[in-house]
Ligand code: FES
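In my numbering, the protein residues as written are 887 to 1071.
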């Protein structure tokens, strides 16, 4: 019987990479760095490609970039936090996006966002500690007639009420349980 409780599914504990994950991130970052000259002006494109490779920019990757480009670490961190295209947290398995364009805003987009925040125990731009879900907002996704809109794993869903949040999470949970049962021991 699936758990339909309204408690947050995970805690919002800090996500810490294991030494193996850190080493893997460093290795993959170095692979990206090989494509670039050691010029400071390459900092933003390098960070973009490292993020494409890893899905986000962990500290160990930023340190590799700083060393390679001979840029102070604090400058790399400054650039990463300045541009909101960069993520400091790993993406979740499922992406939850709440549209806050004008139409969705008027139809309760913020109420929906609050429902997700409470249910997942994370803020916008964050990932749950079990790395199942990441929550963020988007501007208009072009289906204003269906406001308020959620984009779940790149699929838009319209006229979403805050109570739908539990249904979406339950569907993911059931899918996960089904997959686990199908897996041979
Ligand atoms: S404002 Fe949300 S889809 Fe247009």
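All residues carry an ideal CB built from backbone N, CA and C; glycine is no exception.
All values derive from a computational prediction rather than experimental measurement.
Are there three or more Cβ pairs, one per stretch, closer than 8 Å when the region 1024 to 1035 is compared with the region 973 to 986?
-> yes
Beta strand (DSSP E) runs wholly inside the region 997 to 1042, at least 3 long, in chain order = 1019 to 1024 and 1036 to 1038
Evaluate the contact criterion for the region 1003 to 1019 versus the region 947 to 967: three or more CB pairs, one atom per stretch, below 8 Å.
-> no
Return the first residue and the last residue of the beta strand (DSSP E) that residue 984 is part of.
-> 980 to 985
For residue 890, does the three-state DSSP call read helix, strand or coil?
-> Model confidence at residue 890 stands at a pLDDT of 43, short of 50, so the residue's coordinates are unreliable; what they give is reported in the following sentence. Note: residue 890 maps to coil in three-state DSSP.
By DSSP, does residue 906 sit in helix, in strand, or in coil?
-> helix
By Cβ distance, which residues of its chain are closer than 6 Å to residue 999, with the 5 residues on each side in sequence left out?
-> 984
Is the number of C-beta pairs between the region 988 to 997 and the region 935 to 948 that are closer than 8 Å three or more?
-> no
Using the rule of at least 16 other Cβ atoms within 10 Å of the residue's Cβ for burial, across every protein chain shown, is residue 1060 buried or exposed?
-> exposed
What's the C-alpha gap between residue 1013 and residue 978?
-> 6 Å
Measure the alpha-carbon distance for residue 930 versus residue 1067 and round it to whole angstroms.
-> 44 Å
Exposure of residue 902, with buried meaning 16 or more beta-carbon neighbours within 10 Å = exposed
Could you tell me if residue 996 is buried or exposed, where buried requires 16 or more neighbouring beta carbons within 10 angstroms of its beta carbon?
-> exposed
Going along the chain, which unbroken runs of the alpha helix (DSSP H) with 4 or more residues stay wholly within the region 906 to 940?
-> 929 to 940
Name the two residues that bound the continuous alpha helix (DSSP H) containing residue 1050.
-> 1050 to 1068
DSSP on residue 995, reduced to helix/strand/coil?
-> helix
Taking the continuous alpha helix (DSSP H) assigned at residue 1044, which residues delimit it?
-> Run containing residue 1044: none; DSSP gives neither H nor E here.
Min CB distance residue 1008 to chain C below 8 Å = You won't find chain C in this structure, because it holds only one protein chain.
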